[in-house]
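Asks: For the sequence shown, my numbering begins at 337 and goes up steadily by one. Where a beta carbon is used, it is the ideal one built from N, C-alpha and C, also for glycine.
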Amino acid sequence: TEGVRNLKKSTFAPLYPNLETQPFQSIIHKQFILFCFHDTAGNTSTQDINAFLFSRFNSCIPHFTKDISFEDLKALLGKSKNLLLVDVRTKEEVDKGHIQGSVHIPLDTVDAALLMAPDQFKAKYGVSKPLFDAPELVFHCMMGLRARAATTKAYELGYVNARNYTGGYKEWSEKEKQ
337 TEGVRNLKKS TFAPLYPNLE TQPFQSIIHK QFILFCFHDT AGNTSTQDIN AFLFSRFNSC
397 IPHFTKDISF EDLKALLGKS KNLLLVDVRT KEEVDKGHIQ GSVHIPLDTV DAALLMAPDQ
457 FKAKYGVSKP LFDAPELVFH CMMGLRARAA TTKAYELGYV NARNYTGGYK EWSEKEKQ
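Written as structure tokens, this is what we have:
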């Protein structure tokens, strides 16, 4: 019923005036949100509200992203052979300094890069393309905002464990004195 209360408070609640009295099931799978309403006669009405929800409330999409701290990222860099750390800053920013071991994929090319065939990805970036369930796929930028957008894109493409290093290069360079 928490979902009903949240849905009732939203701006599309007028579309469902008797929402609180209607039994429904909510199914969330990756990008798809489906509500199934049952009336008293046993009839079923299914509404795909995903497009409406995300077009009107796209600021809520980053809520689905996972974050990683400086300490956790540093530990991963020290021990993991599977970490793919993606720097989504501009070439000019990267030329001024970068986190050792990161791969530069500018934000405006992240979705195209993640859609590449594995052999094309490896040829272009010099590393293996991550699997959809790769546990160690981390995006970073200068302060976390562009990386959040990249993490969201990755998540939308099926990379369910993609994470955002929220401190970004700014925090990294301050703590590592680069």
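#1: Going straight from the alpha carbon of residue 513 to that of residue 444, what length do you get?
#2: Apply the 10 Å Cβ neighbour rule to residue 411 and answer buried if 16 or more other Cβ atoms are within range, or exposed otherwise.
#3: Could you check what DSSP says for residue 430 in three-state terms: helix, strand or coil?
#4: With a threshold of 16 other CB atoms inside 10 Å of the CB of residue 423, please say whether the residue is buried or exposed.
#5: Once you ignore the five residues that flank residue 403 on each side, which residues in its own chain have a CB closer than 7 Å to its CB?
#6: How long is the line joining the alpha carbons of residue 361 and residue 508, rounded to whole angstroms?
#7: By DSSP's criteria, residue 315 is part of a beta bridge. Which residues make up the other side?
#8: Where does residue 458 fall in DSSP's three states?
Replies: So, from the data block:
#1: The residue given as residue 513 occupies position 177 in the sequence shown. The residue given as residue 444 occupies position 108 in the sequence shown. If you take the alpha carbons of residue 513 and residue 444, they lie about 29 Å apart.
#2: The residue given as residue 411 occupies position 75 in the sequence shown. Flag for residue 411 reads exposed.
#3: Looking up residue 430 in the sequence shown gives position 94. Look at residue 430 here: in three-state DSSP terms it is helix.
#4: Here residue 423 corresponds to residue number 87 of the sequence shown, with the count starting at 1. Residue 423 comes out buried.
#5: The residue labelled residue 403 in the question sits at position 67 within the sequence shown. Short of 7 Å from the beta carbon of residue 403, and not among the five residues preceding or following it, lie these beta carbons of its own chain, in chain order: 499, 500 and 502.
#6: As a working note, residue 361 is residue 25 in the sequence shown. As a working note, residue 508 is residue 172 in the sequence shown. Because the pLDDT at residue 361 is just 44, under 50, the model does not fix this residue reliably, and the point stays unresolved.
#7: Residue 315 is absent from the structure shown; the chain starts at 337 and stops at 514.
#8: In the sequence shown, the residue the question calls residue 458 occupies position 122. Assigned with DSSP and collapsed to three states, residue 458 falls in helix.
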